[in-house]
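Here the structure is laid out as structure tokens; the discussion comes afterwards.
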Amino acid sequence: MKRKLVFVLGIIAVLVLAAGPVLAHHGGAAFDQSKVEMLTGTVTQMDFVNPHVVVWFDVKNADGTTTNWSGWLTAPNKLQRAGWDKHTLNPGDKVTVTGNQQKNGSPVLQIRTIAGPDGNNLPTFEQ
Amino acid sequence: MRTRVLAPTLAVAFALAASAMLFAQDRVGGARAEVPSGPAPAKDLTGVWMMRNPPGKNGPWTNYTYTDPMKNPPSLTAWGEEEFKKARDSNGGNYTLDQTNDPVLTKCYPPGVPRIYFHPYPFEVVQTPKQTLLIYEYDHWLRRVFTDGRKLPSDPDQLWMGTSVGRWVDDHNFQVETVGFNEKTWLDRLGHVHSDQLKVTENFRRLDAGHLEVDIKMEDPKALAKPWVTTFYYENRPQWELGEISCSGDYLDWSQVEKGGKEYKR
Chain X
398 MKRKLVFVLG IIAVLVLAAG PVLAHHGGAA FDQSKVEMLT GTVTQMDFVN PHVVVWFDVK
458 NADGTTTNWS GWLTAPNKLQ RAGWDKHTLN PGDKVTVTGN QQKNGSPVLQ IRTIAGPDGN
518 NLPTFEQ
Chain A
12 MRTRVLAPTL AVAFALAASA MLFAQDRVGG ARAEVPSGPA PAKDLTGVWM MRNPPGKNGP
72 WTNYTYTDPM KNPPSLTAWG EEEFKKARDS NGGNYTLDQT NDPVLTKCYP PGVPRIYFHP
132 YPFEVVQTPK QTLLIYEYDH WLRRVFTDGR KLPSDPDQLW MGTSVGRWVD DHNFQVETVG
192 FNEKTWLDRL GHVHSDQLKV TENFRRLDAG HLEVDIKMED PKALAKPWVT TFYYENRPQW
252 ELGEISCSGD YLDWSQVEKG GKEYKR
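Read top to bottom, the protein sequences are chains X and A.
The numbering of the first sequence is our numbering, which starts it at 398 and goes up by one.
The numbering of the second sequence is our numbering, which starts it at 12 and goes up by one.
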């Protein structure tokens with residue numbers, strides 16, 4: 398049974414690698430991997446910190462209210478080697494983010510892609 | 012039990028497949044690092060090294076465990092098998108941070124050897140006349156490999172990362188033997204265990220200026236019915252400097268972020 402499980406985990410690993418090294422060290426079981434959300438919002442804060450970079454952004458809802466989402470990326474040193482620094486995103490910047498949402502419904506995303514103010518996707522991994 | 016575990020796992024696998032196909036093309040990587048070319052220098056491993064898949068091969072399990080789990084699973088003793096059944100790993104995507112019993116993710120225990128290589132960060136080699144230093148970006152781990160001719164201790168202390176001695180077999184092969192581990196760490200990210208009888212042999216083979224292979228052999232008569240062997244592949248990254256990644260409170264508190272905890276916000 399354990400070996401079957403390991404095999405399936407191996408399949409998941411293939412797919413995760415194919416999708417990119419998002420799930421670097423903390424696993425992704427808390428996030429709904431069956432659905433990818435796309436959100437556009439305005440950055441309120443970026444934490445360029447250990448162990449994962451977190452981008453906070455306001456998203457306007459259909460009912461006129463605003464929700465402050467958080468989206469997490471890989472480690473800051475890995476993003477640094479991909480070209481980021483702590484000023485890559487600043488409060489007020491428009492971002493379009495895709496990612497998997499927390500299964501419990503919280504406004505938390507495991508970010509897959511993130512486009513900055515110029516509309517281009519920012520690098521999310523080092524090479 | 013099998014259905015309970017496999018069904019959600021398969022669902023996750025299919026979901027990831029779908030999302031991978033949809034979004035893999037959109038993901039953007041940083042500028043591709045230049046790998047040095049030229050012949051391998053003699054008796055020299057110095058530099059920053061990053062694990063990569065070898066050319067033309069994809070060893071996805073290498074981010075989690077050492078060998079293909081179906082084609083070449085580890086041969087475990089009865090004790091090793093029983094202990095493995097208790098593992099609730101997180102890195103494989105099966106358990107959340109609240110559910111896992113991974114000693115790194117729940118307690119920030121040092122990862123041990125050779126699990127340290129699964130952390131997706133580079134390591135640096137610094138050679139001095141009597142020691143070769145293996146500096147891992149993850150949690151600033153340092154392994155001192157003594158090259159002053161001493162023997163492995165016959166009755167070693169139990170340490171997180173063991174006691175290591177090394178020697179050059181020839182100009183391009185550096186062999187490191189490590190013994191003296193406690194039993195608190197996992198061998199890999201899936202939860203295979205080891206005992207204090209674990210012995211790890213690493214052979215660092217400089218293929219050329221830009222590439223390194225590391226053969227790893229794990230021997231443990233209590234946990235492994237026969238040695239578990241693998242080979243990792245690395246590229247040289249002269250432009251990179253090791254940064255800081257600490258298994259600190261923030262690392263452990265990540266379960267709060269994972270659940271949407273706003274108290275993490277600073």
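Note that the Cβ used here is the ideal one computed from N, Cα and C, for glycine as well.
Model, not experiment: these values are computed from the prediction.
| Query | Result |
| --- | --- |
| Val115 (chain A), DSSP secondary structure in three states | helix |
| Under the three-state DSSP convention, the category Glu135 (chain A) falls into | strand |
| Where Trp179 (chain A) sits in the DSSP three-state scheme | strand |
| Contact under 9 Å by Cβ, Thr241 (chain A) with Val211 (chain A) | no |
| Partners in chain A for Pro520 (chain X), counting only beta-carbon separations shorter than 9 Å | Arg38, Val39, Gly40, Gly41, Ala42 |
| Test: Thr495 (chain X) CB closer than 9 Å to a CB of chain A | yes |
| Euclidean distance between Cα positions of Gly438 (chain X) and Arg126 (chain A) | 39 Å |
| Gln524 (chain X) and Ala472 (chain X) closer than 9 Å at C-beta | no |
| Chain X contact for Gly67 (chain A) (CB, 9 Å cutoff) | no |
| Rounded distance between the beta-carbons of Gly468 (chain X) and Val452 (chain X), thought under 8 Å | 5 Å |
| CB contact below 9 Å: Ala479 (chain X) versus chain A | yes |
| Residue-chain proximity (Leu253 (chain A), chain X), Cβ-Cβ < 9 Å | yes |
| Three-state secondary structure (DSSP) of Glu252 (chain A) | coil |
| Chain A contacts made by the region 456 to 483 of chain X, where a contact means CB separation under 9 Å | Asn465, Ser467, Trp469, Thr471, Ala472, Pro473, Asn474, Lys475, Leu476, Gln477, Arg478, Ala479, Gly480, Trp481 |
| Where Leu519 (chain X) sits in the DSSP three-state scheme | coil |
| Exposure label - Thr174 (chain A); buried when at least 16 CB within 10 Å | buried |
| From A:Val59, A:Asp100, A:Pro131, A:Asp113, residue whose alpha carbon lies closest to that of Leu476 (chain X) | A:Pro131 |
| Amino acids of chain A, ordered along the chain, whose beta-carbon sits closer than 8 Å to that of Thr510 (chain X) | Phe34, Asp37, Arg38, Val39 |
| Boundaries (first-last residue) of the alpha helix (DSSP H) holding Ala89 (chain A) | 89 to 96 |
| Rounded straight-line distance, which links the Cα of Trp239 (chain A) to that of Thr88 (chain A) | 12 Å |
| Residues bridged to Asn465 (chain X) (per DSSP) | X:Asp455 |
| Beta-carbon separation (whole angstroms), Asn83 (chain A) vs Phe129 (chain A), contact threshold 8 Å | 17 Å between Cβ atoms; not a contact. |
| Rounded C-alpha distance that separates Ala459 (chain X) from Thr485 (chain X) | 29 Å |
| Beta carbon proximity, Gly516 (chain X) to chain A, threshold 9 Å | no |
| Distance between Phe445 (chain X) and Leu470 (chain X) (C-alpha atoms, nearest Å) | 10 Å |
| Rounded separation between Leu27 (chain A) and Asp181 (chain A) - CA only | In this prediction, Leu27 (chain A) scores a pLDDT of 43, lower than 50, which makes its location untrustworthy; no coordinate-derived value is stated. |
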